[in-house]
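The structure under discussion appears below in the form of structure tokens.
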Amino acid sequence: MVLNTDIFLGAGTSLTFIPECDLYLGVGRQDSGSAYPTNGTLNTNEIRASSGFEANFSLVENLYRGCIVERYSADDTLMNSLRIKSNTATTLTTVDSFKPNATDYFVIKAYGAPTPATTSTAKRLLSDEWLGILESATFPTVEPELKQVNLSLGGSRNFTYQYKGITAFGTADLNLVANHGAFLYYFLGRCTNINCTTAELSASDNSPDDRFEADSNDANAIMIEGVDSAGGNVAVGTGVDISGASDTGPFFYRTIGQDICPPLSEDTVAVIADMDALTRPTINASGQITNAITYTFQEANSDSLPSFSIERSDSKLAASNPFRTDTTSIPIAGGTTTSGSTTITFTDNADSANMQVGMLISGTGIPAHTRIAQVVSGSRAELTTAATATGSSLSFTLTEDEDNSFVQIARGCRVNTLTMTANENEEVKMTLSLNTRNVHLPSETEQYDARRGVSDEKAFFNYEGATTGANSAQEFREPFFFSDGTFKVLGQNFLKINTLTLTMNNNLADRRFLGTSAKDVQDSLAGQRNYEISFTGHVTDNALYKALRDDTENITQTIELVFSKANGETITLNFTDYFVSANNFPIAEDKGPIIVEATVMPRNLSLCTVKTHWVLQG
Numbered sequence: 266m267v268l269n270t271d272i273f274l275g276a277g278t279s280l281t282f283i284p285e286c287d288l289y290l291g292v293g294r295q296d297s298g299s300a301y302p303t304n305g306t307l308n309t310n311e312i313r314a315s316s317g318f319e320a321n322f323s324l325v326e327n328l329y330r331g332c333i334v335e336r337y338s339a340d341d342t343l344m345n346s347l348r349i350k351s352n353t354a355t356t357l358t359t360v361d362s363f364k365p366n367a368t369d370y371f372v373i374k375a376y377g378a379p380t381p382a383t384t385s386t387a388k389r390l391l392s393d394e395w396l397g398i399l400e401s402a403t404f405p406t407v408e409p410e411l412k413q414v415n416l417s418l419g420g421s422r423n424f425t426y427q428y429k430g431i432t433a434f435g436t437a438d439l440n441l442v443a444n445h446g447a448f449l450y451y452f453l454g455r456c457t458n459i460n461c462t463t464a465e466l467s468a469s470d471n472s473p474d475d476r477f478e479a480d481s482n483d484a485n486a487i488m489i490e491g492v493d494s495a496g497g498n499v500a501v502g503t504g505v506d507i508s509g510a511s512d513t514g515p516f517f518y519r520t521i522g523q524d525i526c527p528p529l530s531e532d533t534v535a536v537i538a539d540m541d542a543l544t545r546p547t548i549n550a551s552g553q554i555t556n557a558i559t560y561t562f563q564e565a566n567s568d569s570l571p572s573f574s575i576e577r578s579d580s581k582l583a584a585s586n587p588f589r590t591d592t593t594s595i596p597i598a599g600g601t602t603t604s605g606s607t608t609i610t611f612t613d614n615a616d617s618a619n620m621q622v623g624m625l626i627s628g629t630g631i632p633a634h635t636r637i638a639q640v641v642s643g644s645r646a647e648l649t650t651a652a653t654a655t656g657s658s659l660s661f662t663l664t665e666d667e668d669n670s671f672v673q674i675a676r677g678c679r680v681n682t683l684t685m686t687a688n689e690n691e692e693v694k695m696t697l698s699l700n701t702r703n704v705h706l707p708s709e710t711e712q713y714d715a716r717r718g719v720s721d722e723k724a725f726f727n728y729e730g731a732t733t734g735a736n737s738a739q740e741f742r743e744p745f746f747f748s749d750g751t752f753k754v755l756g757q758n759f760l761k762i763n764t765l766t767l768t769m770n771n772n773l774a775d776r777r778f779l780g781t782s783a784k785d786v787q788d789s790l791a792g793q794r795n796y797e798i799s800f801t802g803h804v805t806d807n808a809l810y811k812a813l814r815d816d817t818e819n820i821t822q823t824i825e826l827v828f829s830k831a832n833g834e835t836i837t838l839n840f841t842d843y844f845v846s847a848n849n850f851p852i853a854e855d856k857g858p859i860i861v862e863a864t865v866m867p868r869n870l871s872l873c874t875v876k877t878h879w880v881l882q883g
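For what it's worth, this note's numbering labels the leading residue of the sequence shown as 266, then goes sequentially.
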């Protein structure tokens, strides 16, 4: 129902990033909340999250439909992989039934599973994360397949029946000015080493209290599991190499207050005491990055790649809670009004904690279209309009206009193609074309806070690093520039390149499977990976032309592509095993310099490192 006639404007549109990580639910229970039987005789298709999970998080209704949930025994043995048919705030319903034991724990796998954040009045995801310098974007379109058929019925030349078949989602495109290189992880698929600065957690036991909640002394820390490639504990300090964590993440864990997002899963974090606190990168007095994070990314050769979600929110920017969807009525009992007064009080204030400024309020003695102007305390509030009657022990209803905020969540986004472009006198551009699993629309009966309720985009995660203020950490937001790049091929640096384009393609293919109870895309599988580097420039010899005529693959000379910032942040890419596939020496129309066009086709990426301020959760 349309409650107002205000128009959505582009000024109220936001695109934000949501990490998708394995989501640990803890030891599962029956829907009633009682434990599963110890003998594994119960045949069920329902999983309720643990009380520890429920105390900190609440799932968005049906957001995880189609995702895989894994069942593990107490000794971390994988017992089942089940597809989710539907979900409530606390409970999953799976397509197939299973027989759990009382000690089994459950993990929702990352693909298509946006990471939840601490729930307040409304449900929230980690959707307050900055995408970077976004020049333009295309959000996936919902494309249902419409079938129109004629049945064996006469009387009209019109179609006699129509229905909808499968639902497809158009590609999402992100056109970014590159100020970091972390998105390379999502194309390549693996992070094999993280070099960063860590410190002991401030808690006396140097570990979170449990897998859902950190010690109060560690509230709002960024955590990482400090283990080496052999699984041993790495001493904290500057320039620590962390190579033993899962190479598909989660890498860093955000804490919202004390809540760990995502929770620490038993199948990825072996020992909770191994968790350390990240020292966030900063800019020193000389304008250089300190405590930088350096990622080493590598090619993944599995059939799947890491994914993330994109949240689009369109808001009419109401005075309060501008990014909240809400049609839920909140009852307030035991109210007292005085005719002519804007003050209302409550003797039974159990539900008044959910009262927010700007909410509509209705009930005896309350004029139509009255809103909450001020929440004075848990038992008193001020109205925008004075009451018209005096009464006590009254019941009121609080509501908030749903259509002030329109939210869509594109989940299961995998990078099909990634293009880096460095043109003369321009910033380095990075374009991502994404295959999307699904676009979710929150239920009309559900309160959901887009952007995790963060109103000021300058407060987005990764926007400013560890500092605050409108001009802080400006160097982190500055892009890489063409002028600060270097390109080496055939064993020599090409110093006079005018344009360069690196195109990387995963050739993803969307797939649907039998028996999933849904017509949506169930997976987007990686196909043949290929790289292409094309460039134009002024050259001083015929080495490129000679390489073009050479039938022998170059396996000895590495292609090196490096972009750097004045603050010390870098993106380094090395390729091997290549041919020069095109090389054009045109005849100039004037007597000026000859601009040569060339294309190089490498087979393998041998090195990818990103030195950055960007905290990657994976």
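Even glycine gets a Cβ: it sits at the ideal position worked out from N, Cα and C.
When C-beta atoms of the stretch 708 to 717 are compared with those of the stretch 572 to 582, three or more pairs fall below 8 Å, so the two segments count as touching. The DSSP-derived three-state label of Gly430 is strand. Taking C-beta atoms under 8 Å as the contact rule, Ala646 and Gly630 fail to qualify, at a distance of about 14 Å. Within the same chain, Asn308, Thr309, Asn310 come within 7 Å of Ser362 by CB-CB distance, once the 5 residues on both sides are set aside. Of Glu564, Thr503, Ala486, the smallest CA-CA separation from Asn770 is found for Glu564. Residue ranges of uninterrupted alpha helix (DSSP H) with 4 or more members, entirely inside the stretch 381 to 458 and ordered along the chain, are 449 to 453.
Collapsing the DSSP output to three states places Arg742 in a helix. For Leu809, the enclosing alpha helix (DSSP H) stretches over residues 808 to 814.
Apart from sequence neighbours up to five positions away, the residues of its chain that approach Asn688 with a beta-carbon distance below 7 Å are Phe747, Thr764, ordered along the chain. Inter-residue distance for Tyr428 and Leu826 is about 52 Å (C-alpha atoms, whole angstroms). Distance between Leu755 and Ile824, taken at the CA atoms: about 7 Å. Restricting attention to Gly298, Ala863, Phe844, the CA atom closest to the CA of Val804 is found in Ala863. Listed in chain order, the non-local C-beta contacts of Tyr810 below 8 Å within the same chain comprise Asn848, Phe850, local neighbours out to five positions each way being set aside. Between the C-alpha atoms of Asp806 and Val845 there is a straight-line separation of about 15 Å.
With a cutoff of 9 Å on beta-carbon distance, Leu399 and Leu449 are scored as not near each other. Between Ser708 and the set Thr686, Thr590, Tyr370, Gln553, the nearest pair of CA atoms involves Thr590. Look at Ser316 here: in three-state DSSP terms it is helix.
Ala715 carries a helical assignment under DSSP once its states are collapsed to helix, strand and coil.
Residues Ser594, Ile595, Pro596, Ile597, Ile626, Ser627, Gly628 of the same chain have their beta carbon placed closer than 8 Å to that of Thr662, with the five preceding and five following residues left out of the count. With 16 or more neighbouring CB atoms inside 10 Å of its own CB, Val672 falls in the buried class. Scanning its chain for C-beta atoms nearer than 8 Å, with the 5 sequence neighbours on each side dropped, one finds around Ala495 the residues Gly509, in chain order.
Look at Gly275 here: in three-state DSSP terms it is helix. Each residue's CA atom was taken as its position, placing Ile554 and Phe725 some 20 Å apart. Contact annotation: Cys461 and Leu543 have beta-carbon atoms nearer than 9 Å. Cβ atoms of Val704 and Tyr451 stay farther apart than 8 Å, at about 19 Å. Restricting attention to Asp483, Asp541, Ala535, Cys526, the CA atom closest to the CA of Val505 is found in Asp541. Contact between His878 and Pro546 is confirmed by a C-beta separation of about 4 Å, below the 8 Å threshold.
Out of Thr603, Asn327, Phe477, the CA that lies nearest to the CA of Ala382 is found in Phe477.
Taking C-alpha positions only, Val334 is separated from Asn566 by approximately 23 Å. Ranking Ser660, Thr664, Val641, Ala633 by CA distance to the CA of Thr650 puts Ala633 first. Excluding the 5 residues flanking it on each side, Ala300 has same chain C-beta neighbours closer than 7 Å at Arg294, Ala367, in chain order.
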